[in-house]
Every structure is written in C-alpha cells, then in structure tokens.
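Numbering (UniProt numbering), first residue to last: 1 to 295.
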C-alpha cells in the first residue's frame, strides 16, 4: 500500500437534473480520523454516508467536508384552485342579472386572487433519489482525488524519511567502528584512571577498586545500544516499504531511536562518539517531525 500524508485538498462539482452540486474537501494532521461536515439545511441525511465513505478511504486526519447545492431555472406550472373557481362561478349564478352575463375572460380569472397559482412542479421521489445518488457519487470521486493527493505527498515524505534513516544508520556504523570502542583503547583508558587513583592511596582495596572499574567498563559498553539502533533502522525501512497507515508505528520507532541516542551520549567517553550521538539526536528529531505528517 502507498504511504499517505494527512494533508490535502480536493474539489468536485457536477449537476443532477436542474441542480448543481459541489464538494470541497480539506485534510490536515490528526491523531485519528475526525470528520467535520458542512451540509446545506435539509440535506443532513447525507451525514451517515459521508462518514462511512470517509472511513473507507482514510484512517487518520482531520477531514473537513463541505457541500453546496444550488437549483437552476425550473419550469413553472399553473395550478388551478378548483374549489375557489367553483365558488366564484356559484357566486356569479347567485348574483344573476346583477352582473354582466358575458362569459368570464381569462385575464379576469387570473386577476382573482387564489384562482390560479404559479409554482415549481413538485419533485418526484424517484428524482430525489437519483439526485442524492449523483451527489454521493461526486463525494466518492472527491475522496479519490484527495487520496491521490495525499499519496503523492506521502511518496515524497517516504523519500525524506528514508534519507533520515540512512543517515541514522551511517552514524550508528560510525559509533560502532570508532577506535575509542576497541578493547585495547578501553583497557588503556581504564588503566590510566586506575593508576591515578592508586598514586598515594595505598590504603585503597585493590580488589574492590578493580571490581568497580570492571563494572564501569561494562556500563560504558555501547554494544546493546548499537545493536538496538540497527534493529530499529531495519524496522523503519520495512514499515516504509510496506506502506499504508504506518505513521503511529514510525512515531514509536522515533521514540526508540531517541532513547538509544540519549544513552549513547550519556555513556560516551570519546569526543567523536559524543559528536555522533548529538548528530543522531538532530536527525532523529527531523525524522520524527516528518513522521507527524504521515497517516
């Protein structure tokens, strides 16, 4: 599955019958999937379908979905109020010779309020169902567009993250191969420290001192941190290659990267290793910052 960023924009518009519709979608970072809707009054019935469709396309991100629907020029039909017309005709008969016996003219009927009403034809249920289906199809297309944009940005993010992982591996390898970590260098450094402590301090327990030095040497060993960094690098590369919604897992790995780099800095007794540990922290911070944009 391709990687996705959590930021994107899409717009789709179309028509159904005499109505025009437009969907506008915006997506930004979020811990989970948060869908916020702006639907026209009277179209709240779309809300369940909007949330269902959004969850089919995305796992994370704050998603804003807006819909605008407008009606075009509609045909107008004349509706005769049969009850009112009958009442007028009966009144004319009752008045008899008191009114003009000539047949009522059309314009006269139109001038009588309530006889003829001009209005838009009522929408049939089948027309409403078809329009709703067209509008929801448009939403699906807009979600496709948004996913495509998020995948394009996700691919670019993936390359940036891989470059950071490569740099972490280079720094890890540099720490592993640093001359200060060789057994002879460690032994020489510890021997010098013991000699300084023993000068003029004959009362010190030599066996106890050597035991403490051995303990310090064990604590100063970076083998475990180096190995764990290597396994985290392999895991990060695997997740990036796998794709899909891996942002949370990569964020966890970033925390593990940071923990190992902190330990390396605290244990380091060589300038080169300390420098590599500090650069590790910088690269890991950059890695984690970019991971926040990934689904």
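Built from N, CA and C at the ideal position, the CB exists for glycine as well. If you're wondering where the values come from, they're calculated on a predicted model, not measured in any experiment.
Are the beta-carbon atoms of residue i and residue j separated by less than 8 Å?
i: residue 81; j: residue 115; result: yes
i: residue 34; j: residue 53; result: no
i: residue 153; j: residue 8; result: yes
i: residue 165; j: residue 236; result: yes
Can you tell me whether DSSP reads residue i as helix, strand or coil?
i: residue 83; result: helix
i: residue 96; result: helix
i: residue 22; result: strand
i: residue 294; result: strand
i: residue 230; result: helix
Beta strand (DSSP E) containing residue i: first to last residue?
i: residue 64; result: 61-71
i: residue 38; result: 33-38
i: residue 5; result: No beta strand (DSSP E) contains residue 5, which DSSP labels as neither H nor E.
Taking the alpha helix (DSSP H) that residue i falls in, what are its first and last residues?
i: residue 296; result: No statement about residue 296 is possible, as the shown extent of the chain runs from 1 to 295 and does not include it.
i: residue 261; result: 247-267
i: residue 284; result: 271-291
i: residue 110; result: 106-111
i: residue 54; result: 47-57
Return yes when the C-beta of residue i is under 7 Å from any heavy atom of the ligand NAD, and no when it is not.
i: residue 278; result: As presented, the structure is devoid of all ligands, the ligand NAD included, so that no description of it is given.
Whose CA, out of the options, lies closest to the CA of residue i?
i: residue 287; options: 51, 159, 271, 242; result: 159
i: residue 221; options: 265, 252, 243; result: 265
i: residue 262; options: 41, 96, 281; result: 281
i: residue 6; options: 148, 277, 94; result: 148
i: residue 294; options: 60, 43, 167, 173; result: 60
i: residue 171; options: 83, 243, 284, 139; result: 284
i: residue 271; options: 175, 257, 2, 111; result: 175
i: residue 18; options: 259, 257, 230, 127; result: 127
i: residue 2; options: 66, 151, 253, 269; result: 151
i: residue 167; options: 93, 277, 225; result: 277
Taking just the CA atoms, how far does residue j sit from residue i?
i: residue 131; j: residue 71; result: 12 Å
i: residue 146; j: residue 10; result: 5 Å
i: residue 32; j: residue 155; result: 21 Å
i: residue 51; j: residue 163; result: 36 Å
i: residue 102; j: residue 117; result: 24 Å
Can you find a CB in chain D that lies within less than 8 Å of the CB of residue i?
i: residue 2; result: In the structure shown, chain D does not exist; there is a single protein chain.
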